[in-house]
Amino acid sequence: MKIAVIQGPNLNMLGVREQQIYGPMKLEQIHAQMKEFATQNNVEIEFFQSNLEGEIVDKIQECYGEVQGMIINAAAYTHTSIAIRDAISAVNLPTVEVHISNINRREDFRKENMIAPVCTSSIVGFGPFGYHLAMMGMLQILQEIQASQQMQAQAEATATE
Ligand code: DQA
């Protein structure tokens, strides 16, 4: 099982940018914790960060057929990008959206969310711990998919007996 973690613009500045909102943790530290949790659970994980909308669209497209789930923080593009929304929709993979801050309690323009309607779920406002919650949620989603696939395969096998 493999999952991709996709990080949008300015998240490479975590630990420096607006610490009162995003906290002191750097992106590398968040990724190191996610990697540890993934390894403990026998899940392969890859990380990608870009400040460019088109590169994020390309990465999401590359996930098709390569990974079983995506965790994405589209950062500011969350509020503007129909292209990222369409890419998520196109690959049709289980996708958990993360926001470090609670975007619903901030400026009005952050309440607009292009991404959420095409994601399986959204985790907001837990700080960097939200990425850990997203990992736990993703494992649960993938286990449920696996279980239902196994049940279907069993049912088909019984039907052809
Ligand atoms: C963010 C929230 C966005 O509104 C903002 O543009 C970001 C980070 C978050 O994780 O809280 O860059 O996605």
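Here this note's numbering is used: the first residue of the sequence shown is 119, the next is one more, and so on. Yeah, the Cβ is synthetic: ideal placement off N, Cα and C, and Gly gets one too.
### Message
Taking 7 Å as the cut-off, is the beta-carbon of HIS149 closer than that to any non-hydrogen atom of the ligand DQA?
### Response
Taking the sequence shown and counting its residues from 1, the one referred to as residue 149 is at position 31. No, Cβ of HIS149 sits at least 7 Å from all heavy atoms of the ligand DQA.
### Message
Once DSSP output is grouped into helix, strand and coil, what is the label at THR213?
### Response
Numbered from 1 along the sequence shown, position 95 holds the residue referred to as residue 213. THR213 carries a strand assignment under DSSP once its states are collapsed to helix, strand and coil.
### Task
Compute the Euclidean distance between the alpha carbons of VAL175 and THR278, then round it to the nearest angstrom.
As a first step, residue 175 must be located in the sequence shown, where it is residue number 57. As a first step, residue 278 must be located in the sequence shown, where it is residue number 160. Rounded to the nearest angstrom, the two C-alpha atoms are 42 Å apart.
### Query
How many angstroms separate the CA atom of GLN272 from the CA atom of ARG228?
Taking the first residue of the sequence shown as 1, we reach residue 272 at position 154. Taking the first residue of the sequence shown as 1, we reach residue 228 at position 110. Looking at the backbone, the Cα of GLN272 and that of ARG228 are separated by about 46 Å.
### Message
Does the region 235-247 come into contact with the region 209-218, if we say contact requires no fewer than three beta-carbon pairs (one atom in each stretch) closer than 8 Å?
### Response
Yes, since at least three Cβ pairs between the region 235-247 and the region 209-218 fall closer than 8 Å, the two stretches touch.
### Query
With a CB to CB cut of under 8 Å and the five nearest residues on each side skipped, what residues in its chain are close to GLN179?
Along the sequence shown, read from residue 1 onward, the residue named residue 179 stands at position 61. Correct list, in chain order: ALA205, ALA208 and VAL209.
### Task
Please confirm whether any heavy atom of the ligand DQA lies closer than 7 Å to the CB of THR213.
One-based indexing of the sequence shown puts residue 213 at position 95. Incorrect: THR213 has no Cβ contact closer than 7 Å to the ligand DQA.
### Query
So what does DSSP say about ALA194, is it helix, strand or coil?
Along the sequence shown, read from residue 1 onward, the residue named residue 194 stands at position 76. The answer is helix: DSSP assigns ALA194 an H, G or I state.
### Message
Give the list of continuous alpha helix (DSSP H) stretches no shorter than 4 residues that lie fully inside the region 120-155.
### Response
137-140
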